[in-house]
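See below for the structure under consideration.
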Amino acid sequence: MKSYKLTIDLATLKHLGIGLYSNVPAVLSEVVANSWDANARHVNITIDEKSTCISVKDDGWGMTEEEINNRFLKVGYRKRDDPTAPKLKGRLPMGRKGIGKLALFSIADSIEVHSVKLNSRKEVIERNGFIMRASAIEHAMKNGRTDYAPEPIPENKVTIKEGTLITIRDLKTGGTVTEAFLRKRIARRFGIIGESFGFKIQVNGKPILLEDRDFFGRLEYIWCVGKGSELFIRQARRVLRHETLPGVIDEDNDYCVTGWVGTTAEHKAVEQGNNGIAVFARGKVIHENLLPDLKEGRVFSKYIIGELRADFLDLDNRDDIATSDRQSVKDTDPRFEALKTFVKNVILNRIGNVWTEWRNEDQSKEALKNPAIEAWFSELRPQHRKYAKSLLGRIAGFPVEDDELRRTLYRHGILAFETLAAKDNLDALTRIDSHADLERLLELFKDFDELEAAHYWHITKTRVAVLQKFEKIAPMARETVIRDYIFDHLWLLDTSWERASTDRKMEESVTKEWKKLDAGLTTDEKRGRIDIRYRTAAGKHIIIELKKYDRAVTAEELSTQVRKYQTALRKCLLKAYPDEKEHAIETICLLGSPPLPADQNKMNRELLAASQTRYITYDQLIRQTRESYSDYLETNTKLSRIQKLVERI
417 MKSYKLTIDL ATLKHLGIGL YSNVPAVLSE VVANSWDANA RHVNITIDEK
467 STCISVKDDG WGMTEEEINN RFLKVGYRKR DDPTAPKLKG RLPMGRKGIG
517 KLALFSIADS IEVHSVKLNS RKEVIERNGF IMRASAIEHA MKNGRTDYAP
567 EPIPENKVTI KEGTLITIRD LKTGGTVTEA FLRKRIARRF GIIGESFGFK
617 IQVNGKPILL EDRDFFGRLE YIWCVGKGSE LFIRQARRVL RHETLPGVID
667 EDNDYCVTGW VGTTAEHKAV EQGNNGIAVF ARGKVIHENL LPDLKEGRVF
717 SKYIIGELRA DFLDLDNRDD IATSDRQSVK DTDPRFEALK TFVKNVILNR
767 IGNVWTEWRN EDQSKEALKN PAIEAWFSEL RPQHRKYAKS LLGRIAGFPV
817 EDDELRRTLY RHGILAFETL AAKDNLDALT RIDSHADLER LLELFKDFDE
867 LEAAHYWHIT KTRVAVLQKF EKIAPMARET VIRDYIFDHL WLLDTSWERA
917 STDRKMEESV TKEWKKLDAG LTTDEKRGRI DIRYRTAAGK HIIIELKKYD
967 RAVTAEELST QVRKYQTALR KCLLKAYPDE KEHAIETICL LGSPPLPADQ
1017 NKMNRELLAA SQTRYITYDQ LIRQTRESYS DYLETNTKLS RIQKLVERI
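Just so you know, we're using the working numbering here: the sequence shown kicks off at 417 and counts up by one.
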């Protein structure tokens, strides 16, 4: 029986293999790279139905027992430096450090290898097979061993006719590895797949194609980089625009790059985790995503997908700068610095210079398919249309997936545009010296009227919606909801009070005085109150007192209480404004029901009015405020041009 031996400090093996890689595609890429280096033309990856086993079969050179021990099982074997190793024709070897095979233990506990070596006449020289188990390696480590002997497989059990078959069993992955997932990920990790490279990869018998990368169908624009990169334009058939950029980084050192960088039409077209630029060397990904290294913050960077080939990052006569997991490179190397500088200054800067212009032009066409927007745009003055296109393009390209949200953005954007246009037209006021100028001025006022109406109509509709929500709340619960809302939204009390405000220092002084009064309230009076606040609006000093919904109170009791708080407020105002003798103070009391006695409503109101006080019930507040706004909405049937537009979008 033949014997095989893997020799290494087994603790190192754990660091280099068992704990190094994190995903199945990255691991299988190392196996596929070995097949490429073995001069294979066909590689077939097979996944069983339960995804507990994955096999990789190639038609490469195969291995003798000696080659298995001295090359495959020798950790750190540097094939590029081995003069006895067979030489590839028309290919650059991918492997370099001799640790890629250890990646298998990152995803599986059992690795079975079959290999058949043929001579030039296609006759079998040797059949070899062995099994490596992570558990056995762990056991050897605990016993202080520095080598590990895989389990040999009898030659008659090795049934393949040529090449090498690696079977990975007892997968550690938590989820199912599907054929579609693996096909896409493998396709994206290699740039040498296909007839033109003499290298075909299959998954479950179906060839991996360029289309499996699922990139080109997503692109809106593409920038081809370097010599011969125009072929990518043919593959990205749906792009609206394209450019070709130079790929020479450093002519003296022969640093060149080829490939493409594109942007998608929609943000959602960039899959999570795939917004970036992959860097290839010798046909295999050497740096999974260059974009984060460039620290590009402009909007277009969120739409980028790209693939660049930079073989100068992996030269036989230069240091190996790939990290141990072979998924990125050392970011301090001068070659990588040169690549980053080139991509940022040449590729991304060019994209940044034209992307917004292209998007505004092309996306505005999409926005103008909306009849309402098209009608608005057609009425704009010619000198305003380029700005409108820019606005529409920006909104159309905004990274939102909800169509209703985008329509809302159009509504708000058009109102904002009209506001800015109106402000720009203010210069016309200084140039009125003819009838024609007067006509333009009247037209300007018409624009102002329509814009003001549109804005106010929008605000009114929003406020009515708030009041409708209040109406749906149970009566006993309204007091709490309104309390949390009313003090900063005084339009509930008076539609002319648009904004509530207060002097923080004055509020503190008033609150301090009121607390002295609160100390004298009875327990029942304290329980009956929700809150009392001080605000200012429309030049008035306003006291707002909220009683509990079920608290019954007489008009006389109410009048006596509010007079005390008014006196305290006047004291604070006199101290703050000693030169002002009179201050307009209004007190509003929110009640669950009218004050008692209930049959003397007119007298109650007159009593309260004598102290500049009025009351309103919670139900009346909601109903009357809603009616005051609804009247506007319902009677203003002749909506302006902009109002109609905003509703139709």
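Glycine is no exception: its CB is placed at the ideal position from the N, C-alpha and C atoms.
Please read these numbers as outputs of a predicted model, since none were measured by experiment.
For the region 483 to 550, the continuous beta strand (DSSP E) assignments of 3+ residues that do not extend past its boundaries occur at 524 to 534, 540 to 549, in sequence order. Spatial neighbours of ARG823 in its own chain (CB-CB distance under 6 Å, excluding positions within 5 residues in sequence) are listed in chain order as ILE1065. Here the alpha carbons of GLY829 and LEU807 stand approximately 7 Å from one another. Annotation for LEU796: ALA804 place their beta carbon closer than 7 Å to its own, counting only its chain and skipping 5 residues before and after. Three or more Cβ pairs closer than 8 Å define a contact, and the region 456 to 476 falls short of that threshold against the region 632 to 642. C-alpha of ARG657 to C-alpha of ARG512: approximately 40 Å in a straight line. Counting C-beta atoms within 10 angstroms of its own C-beta, VAL695 has 16 or more neighbours from the protein chains shown and is therefore classed as buried. Rounded to whole angstroms, LYS643 and ASP666 show a C-alpha spacing of 14 Å. Contact holds between the region 1003 to 1018 and the region 960 to 971, because three or more Cβ pairs, one in each stretch, are under 8 Å apart. Just measuring C-alpha positions, the residue of HIS999, GLU972, THR983, PHE886 sitting nearest LYS932 is THR983.
Taking the Cβ atoms as the reference, PHE728 lies roughly 11 Å from ARG698, outside the contact range of under 8 Å. For ALA1025, the enclosing alpha helix (DSSP H) begins and ends at 1017 to 1025. Taken atom to atom, the span from the alpha-carbon of LEU1012 to that of GLU972 is near 9 Å.
Assignment of ASN691 by DSSP, reduced to helix, strand and coil, places it in the coil class. Sequence-distant Cβ neighbours of ALA524 in its own chain, meaning closer than 7 Å and more than five residues away, are ILE584, ARG585, ASP586, LEU587, LYS588.
Residue state for HIS800 is assigned as helix, using DSSP reduced to three classes. Sequence-distant partners of VAL459 (beyond 5 residues in either direction) whose C-beta falls short of 6 Å from its own C-beta, in its chain, are VAL448, SER451, ASP474, ILE617. Closest option to ARG949, judged by alpha-carbon separation, among LEU908, ARG986, ARG899: ARG899.
Under DSSP, the beta-bridge partners assigned to CYS469 are ARG585. Between LEU908 and LEU974, the beta carbon gap of about 20 Å keeps them out of contact (Cβ cut-off 8 Å). Counting only the Cα atoms, ASN761 lies some 17 Å from ASN705.
Counting along the chain, the unbroken alpha helix (DSSP H) around TYR981 starts and ends at 971 to 992. For PRO570, the three-state secondary structure derived from DSSP is coil. In the DSSP assignment, TYR901 falls within the unbroken alpha helix (DSSP H) covering 891 to 902.
Unbroken alpha helix (DSSP H) runs of no fewer than 4 residues, entirely contained in the region 613 to 684, are found at 647 to 651, following chain order. Within the same chain, ARG634, LEU635, GLU636, VAL686, TYR719, ILE721 come within 7 Å of THR680 by CB-CB distance, once the 5 residues on both sides are set aside. HIS530 is positioned such that its CB atom lies no closer than 9 Å to that of LEU489. The Cβ neighbour count for VAL664, taken over all protein chains shown within 10 Å, is under 16; the residue is labelled exposed. According to DSSP, GLU723 shares a beta bridge with TRP676, ALA694. Between LYS756 and the set VAL673, SER794, TRP792, the nearest pair of CA atoms involves VAL673. The Cβ-Cβ distance between ILE702 and ALA738 falls below 9 Å. GLY476 sits in coil when the DSSP states are folded into three classes, being neither helix nor strand. GLU895 sits buried, since 16 or more C-beta atoms from the chains shown fall within 10 Å of its C-beta.
Beta-carbon to beta-carbon, VAL880 and TYR981 are separated by about 32 Å, too far to satisfy the 8 Å threshold.
If you draw a straight line from the Cα of VAL619 to the Cα of CYS469, it is about 13 Å long.
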